[in-house]
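One point on numbering: in our numbering, the residue at position 49 of the sequence shown is 32, and numbering is uninterrupted. Glycine included, every Cβ here is placed at the ideal spot set by N, Cα and C. These numbers come from a predicted model, not from an experiment.
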Amino acid sequence: MSFEKTTLINIEKKFNEFGASKPTMWWEHGVLWADYPNKDEVNLIKEGLEDSLAPGFKVDVSCLKATKTEPWDQYAFDIMEDK
């Protein structure tokens, strides 16, 4: 099973435990993207990703704020080396 699929399964488990529907998420260029998540959902996604990581790595979350042409917040979840 690929890393990307494993992380999405782990994230889905987090949402099921919380009793919530997960937002739209996808992997692109080594970054997990999510549309419209609220703060609780961002934390669930981050926790699910962290559960999938090997020791020595962490998740860095960035928010791309809404614009006139794209009126929604989008989040990027990058995997970084934990120095």
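Next on the checklist: Judging by CA-CA distance, which residue of 45, 11, 49 is the nearest neighbour of residue 60?
Outcome noted: 45
Checklist entry - Over what stretch of residues does the alpha helix (DSSP H) that includes residue 33 continue unbroken? => result For residue 33, the uninterrupted alpha helix (DSSP H) run begins and ends at 22 to 35, by DSSP.
Next on the checklist: Taking only three categories from DSSP, how would you classify residue 53?
Outcome noted: coil
Item to check | Span of the beta strand (DSSP E), counted from its first residue to its last, around residue 41 | outcome: 40 to 47
Checklist entry - For residue 16, which residues from the same chain have a beta carbon less than 8 Å from its beta carbon, with the 5 sequence-adjacent residues on both sides left out? => result Cβ neighbours of residue 16 beyond the five flanking positions: 8, 9, 10, 57, 58, 59, 60.
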